[in-house]
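2 protein chains.
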Amino acid sequence: MRPTTKDLAKAAGVSLATVDRVLNERPNVSARTVKKVQDAIERIGFVRNIAAVNLARNRTYRFRFVLPEKGDQYLKELLREVAAANAALKPDLVSVDVAQVAIEDPHAVANYLSSLEAGAVDGVAVMAPESPQARDAMSRLCERGIKVVQFLSGQENLEKLDFVGVDNVAAGATAGRIMGRFSAGRAGKILIVAETILSQDSIKRRLGFDRVINRCFPGLRSLPTLETHSDLERAARIVKTAFDHNPDIVGVYVVSPEARVPLEAIARFADLKKFVVVAHERTPFSEQALREERVDAIIAQNPGHAVRSAIRILRARADHLEPVAAQERIRIEILLAENL
Amino acid sequence: MRPTTKDLAKAAGVSLATVDRVLNERPNVSARTVKKVQDAIERIGFVRNIAAVNLARNRTYRFRFVLPEKGDQYLKELLREVAAANAALKPDLVSVDVAQVAIEDPHAVANYLSSLEAGAVDGVAVMAPESPQARDAMSRLCERGIKVVQFLSGQENLEKLDFVGVDNVAAGATAGRIMGRFSAGRAGKILIVAETILSQDSIKRRLGFDRVINRCFPGLRSLPTLETHSDLERAARIVKTAFDHNPDIVGVYVVSPEARVPLEAIARFADLKKFVVVAHERTPFSEQALREERVDAIIAQNPGHAVRSAIRILRARADHLEPVAAQERIRIEILLAENL
DNA sequence: GGCAAATTGAGGTACGCACCTCAAAAAATG
DNA sequence: CATTTTTTGAGGTGCGTACCTCAATTTGCC
Chain L
1 MRPTTKDLAK AAGVSLATVD RVLNERPNVS ARTVKKVQDA IERIGFVRNI AAVNLARNRT
61 YRFRFVLPEK GDQYLKELLR EVAAANAALK PDLVSVDVAQ VAIEDPHAVA NYLSSLEAGA
121 VDGVAVMAPE SPQARDAMSR LCERGIKVVQ FLSGQENLEK LDFVGVDNVA AGATAGRIMG
181 RFSAGRAGKI LIVAETILSQ DSIKRRLGFD RVINRCFPGL RSLPTLETHS DLERAARIVK
241 TAFDHNPDIV GVYVVSPEAR VPLEAIARFA DLKKFVVVAH ERTPFSEQAL REERVDAIIA
301 QNPGHAVRSA IRILRARADH LEPVAAQERI RIEILLAENL
Chain X
1 MRPTTKDLAK AAGVSLATVD RVLNERPNVS ARTVKKVQDA IERIGFVRNI AAVNLARNRT
61 YRFRFVLPEK GDQYLKELLR EVAAANAALK PDLVSVDVAQ VAIEDPHAVA NYLSSLEAGA
121 VDGVAVMAPE SPQARDAMSR LCERGIKVVQ FLSGQENLEK LDFVGVDNVA AGATAGRIMG
181 RFSAGRAGKI LIVAETILSQ DSIKRRLGFD RVINRCFPGL RSLPTLETHS DLERAARIVK
241 TAFDHNPDIV GVYVVSPEAR VPLEAIARFA DLKKFVVVAH ERTPFSEQAL REERVDAIIA
301 QNPGHAVRSA IRILRARADH LEPVAAQERI RIEILLAENL
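Protein chains in written order, with the UniProt record's numbering: chain L, 1 to 340; chain X, 1 to 340.
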């Protein structure tokens with residue numbers, strides 16, 4: 001039988017009240033007594049029963065994901081995963097919801113975060129680009145006792161905050177390696193498309209990508225990043241210009257998470273199958289494109305894993321526990337048609 | 001405030017005892033009353049508090065992983081992950097241990113499984129190749145009320161059993177695609193090495209591999225599978241013969257999970273860097289080899305995910321719940337030096 | 001209508017722990 | 001030494017649910 005606090009009290013030669021004081025770090029316990037209890041914990045292998053703890057504390061967890069207002073398919077996947085997690089974790093007294101904010105506006109993000117009260121939410125997962133305003137707002141949230149994790153974006157700014165997501169330099173490097181090796185030794189240029197070059201994430205990916213291309217694939221050269229601003233017409237125009245000026249394009253790398261706009265733009269006047277196409281994030285569009293060989297590889301971070309990981313971390317922090325680091329590292333996935 | 005059974009009773013206009021009867025599917029409740037309670041559950045959004053349920057039931061979960069007796073580094077990883085899961089889940093009243101059995105002997109597996117008593121274990125995760133004996137033993141375990149999942153091996157034999165692991169045909173196909181595209185259009189032969197060709201897993205991987213190679217890469221041709229039987233000397237001998245007979249080998253595909261023996265055998269007389277080398281499973285050896293470019297890609301199934309997934313499934317089954325399918329699919333990972 | 005059977009209600013105990021109060025004992029202080 | 005302060009113990013209540021018993025009520029059947 002599993003030892004209970006009662007057994008622990010007996011083993012330590014103290015009363016239940018004292019065991020309680022030690023376990024919950026209440027004041028007025030002598031160092032000697034603390035040690036007696038801790039030794040007994042070791043000796044009999046006492047482990048707190050979380051179910052009982054949560055029941056007695058009558059604890060619930062309310063977490064919120066702060067996500068972009070605008071987006072395409074990847075955002076939809078994230079919303080779906082949050083909703084799924086909310087349903088799945090209800091029996092565990094965890095409730096999760098979403099606030100959609102104009103994350104491209106640092107003031108909007110900061111305002112929203114400042115408006116949160118500790119009574120309303122126990123933790124937030126924030127997906128917002130780096131900005132001094134957002135950074136300050138997050139710090140202030142922490143001070144008010146609300147746990148914060150940075151979600152899929154902006155891992156640079158606050159080391160003391162947990163981060164859920166991939167190392168974007170490595171993700172870019174992975175894309176670069178795939179691009180290089182899939183090019184089968186051909187020489188030429190690589191078209192690089194992003195939604196905006198202002199995003200730190202895109203900058204990092206490009207950095208990793210270029211590093212690998214330059215170091216390992218001398219026949220290939222990356223062109224300057226084109227910006228779509230999520231505008232199909234604009235994208236088609238500038239992409240066409242790029243193709244006209246560079247007849248020797250052998251590959252296309254879509255840096256930003258929503259690949260639909262840039263790839264549909266290119267498909268208007270070129271056959272994607274003729275290039276090595278690497279994109280980020282699995283969405284219905286990119287999945288379909290991979291199946292039809294219009295895309296050769298997708299570099300992805302699993303949104304379901306990311307959401308669940310963020311929740312586990314918030315919960316651990318709320319309980320003053322250390323998250324299990326190994327389990328929480330989000331992998332950089334490489335998706336081909338065969339391992340979808 | 002979250003509704004409790006008390007609130008539910010009031011909302012349904014019945015007593016607590018009746019709510020209890022409905023929730024736990026006890027007999028002697030009229031259909032009309034059941035409906036009243038279920039409607040009320042919907043209406044007020046009642047969700048059972050798992051912490052309280054487990055506490056009241058005083059439930060504990062004892063699971064066992066049945067793993068091979070002999071093995072190399074991948075087995076070690078599995079053992080490590082099981083131990084880690086055991087430590088991490090202790091507060092949740094889950095205990096996990098390992099029994100190492102000579103899984104290559106169907107009788108040994110069957111004997112071991114038959115010896116398990118329902119009182120000692122609530123569920124087992126069995127990693128054993130397909131065999132009528134093992135199959136029967138698993139079925140009988142189920143009948144005795146012990147939950148069973150097939151772990152990383154043998155998904156064909158019993159559809160009614162849960163399976164944790166990847167589709168090995170797809171894993172082989174993924175390896176084939178990587179092999180083909182990384183070969184950069186060169187023509188030649190591919191050396192294929194397995195520990196034994198008797199394993200269903202290896203057969204399936206080879207099947208998927210060949211399918212992709214034959215269909216998509218006409219310049220490449222797979223050689224017959226060589227068997228190492230985990231014997232370095234033997235492996236070195238037969239591998240050398242193969243290289244002598246086939247000077248146009250461009251790639252090496254190690255089908256079985258433990259890549260150390262075959263690759264060290266080859267490295268004795270050839271430079272692995274000159275070939276495209278694809279292997280399965282991440283181990284300290286394969287990871288190091290990938291870093292040093294002696295291996296070009298690793299196709300892996302994350303042992304940590306697999307272990308945790310098996311446990312979640314066993315737990316769900318023990319509670320008569322349906323596991324969350326989406327979360328439990330083990331991904332076929334492609335590892336390069338960049339996304340380790 | 002009378003009877004048995006099925007259904008429902010009331011109330012209790014237990015699970016392991018948190019958190020509270022009050023009193024008793026021990027230690028520190030002067 | 002007496003006094004204050006710190007430490008410890010004893011005991012209670014409650015968290016939300018499971019599971020049990022016994023009595024009361026309703027239903028179905030002949």
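Beta carbons: idealized from backbone N, C-alpha and C, even for Gly.
Can you pull the chain L neighbours of ALA52/X, defined as C-beta to C-beta under 8 Å?
The contacting residues are ALA51 and LEU55.
How would you list, in chain order, the residues of chain X whose beta-carbon sits under 9 Å from the beta-carbon of ARG177/L?
For ARG177/L, the chain X residues whose C-beta falls within less than 9 Å of its own C-beta are LEU336, ALA337, GLU338 and ASN339, listed in chain order.
Under DSSP, the alpha helix (DSSP H) around PHE209/X begins and ends at which residues?
Residues 200–216.
Verify the CB distance criterion: does GLU104/L have a CB-CB separation below 8 Å to chain X?
At a cut-off of 8 Å, the C-beta of GLU104/L has no neighbouring C-beta in chain X.
Mark GLU143/X as exposed unless 16 or more other C-beta atoms lie within 10 angstroms of its C-beta, in which case mark it buried.
By the neighbour-count criterion, in which a residue is buried when 16 or more other Cβ atoms sit within 10 angstroms of its Cβ, GLU143/X is exposed.
Could you tell me whether the Cβ of LYS90/X comes closer than 8 Å to any Cβ of chain L?
Yes, its Cβ sits closer than 8 Å to a Cβ of chain L.
Continuous alpha helix (DSSP H) stretch holding GLY304/X: start and end:
That run of the alpha helix (DSSP H) goes 303–318.
Go through its chain and collect everything with a Cβ distance to SER131/L's Cβ below 6 Å, but skip five positions before and after it.
Excluding residues within five positions, the ones whose Cβ falls inside 6 Å are PRO106.
Considering Cα atoms alone, identify which of VAL324/X, GLY123/X and ILE249/X is closest to GLY145/X.
Ranked by Cα distance from GLY145/X, the first of VAL324/X, GLY123/X and ILE249/X is GLY123/X.
Can you list the residues of chain L that THR174/X reaches, using a CB-CB cut of under 7 Å?
Under the 7 Å cutoff, chain L gives LEU336, GLU338 and ASN339.
Name, going along the chain, the residues of the region 314–330 of chain L whose beta-carbon falls closer than 7 Å to a beta-carbon of chain X.
Of all residues in the region 314–330 of chain L, only VAL324, ALA326 and GLN327 place a beta-carbon less than 7 Å from a beta-carbon of chain X.
What does the alpha-carbon distance come out to for the pair ARG312/L and LEU89/X?
Cα to Cα, the separation comes out at about 13 Å.
Determine, for THR5/L, whether the minimum Cβ-Cβ distance to residues of chain X falls below 8 Å.
It does not; no Cβ of chain X falls within 8 Å.
Just to confirm before moving on: does the CB-CB distance between ALA40/X and LEU8/X stay below 8 Å?
It is a contact, given that the beta carbons lie within the stated cut-off.
Given 8 Å, three or more beta-carbon pairs between the region 59–71 of chain L and the region 93–111 of chain L:
Three or more Cβ pairs closer than 8 Å define a contact, and the region 59–71 of chain L meets that threshold against the region 93–111 of chain L.
Confirm, please, whether the CB-CB distance from ARG260/X to ASP72/X is below 8 Å.
Closer than 8 Å, so yes.
Span of the alpha helix (DSSP H) holding LEU113/X?
That run of the alpha helix (DSSP H) goes 106–114.
Considering only the alpha carbon of each residue, which of ARG315/X, ILE213/X and LYS6/X lies closest to GLY172/X?
When only C-alpha atoms are compared, the closest one is ILE213/X.
Got a sec: is the Cβ-Cβ distance from PHE182/X to anything in chain L below 8 Å?
Closer than 8 Å to some Cβ of chain L, the Cβ of PHE182/X qualifies, so yes.
So which residues on chain L does THR283/X lean against when the C-beta distance must stay under 7 Å?
Chain L residues near THR283/X: none, gap ~16 Å exceeds 7 Å.
Answer yes if the region 189–206 of chain X comes into contact with the region 237–257 of chain X, meaning at least three C-beta pairs across the two stretches below 8 Å, and no otherwise.
The region 237–257 of chain X is in contact with the region 189–206 of chain X.
In the DSSP assignment, what residue or residues form a beta bridge with GLY123/L?
In the DSSP output, where bridge partners are listed per residue, GLY123/L has PHE63/L and LYS147/L.
Would you be able to state if there are at least three C-beta pairs under 8 Å between the region 180–198 of chain X and the region 176–196 of chain L?
Yes: the two stretches touch, three or more of their Cβ pairs being nearer than 8 Å.
Does MET138/L pass the burial test, meaning 16 or more other C-beta atoms within 10 Å, or should it be called exposed?
Sixteen is the threshold: when 16 or more other Cβ atoms of the shown chains lie within 10 Å of the Cβ of MET138/L, as they do, the residue is buried.
Using the beta-carbon count (16 or more within 10 Å), is LEU314/X buried or exposed?
LEU314/X comes out buried.
Using the beta-carbon count (16 or more within 10 Å), is SER115/L buried or exposed?
Label assigned to SER115/L: exposed.
Kindly list, in the order they appear in chain L, the residues whose Cβ is closer than 7 Å to that of VAL47/X.
For the C-beta of VAL47/X, the chain L residues within less than 7 Å are, from N- to C-terminus, LYS90 and PRO91.
Kindly indicate the opening and closing residues of the alpha helix (DSSP H) around HIS245/X.
For HIS245/X, the enclosing alpha helix (DSSP H) covers residues 232–245.
Under 7 Å from the C-beta of ALA110/X: neighbouring residues of chain L
Neighbours of ALA110/X on chain L: none; closest Cβ ~32 Å, over 7 Å.
When burial is assigned at 16 or more other CB atoms within 10 Å of the CB, is MET179/X buried or exposed?
By the neighbour-count rule (16 or more Cβ atoms within 10 Å), MET179/X is buried.
Along the region 184–203 of chain X, what residues have a CB closer than 7 Å to any CB found in chain L?
For the region 184–203 of chain X, the set of residues with a beta-carbon nearer than 7 Å to any beta-carbon of chain L comprises ALA184 and GLY185, in chain order.
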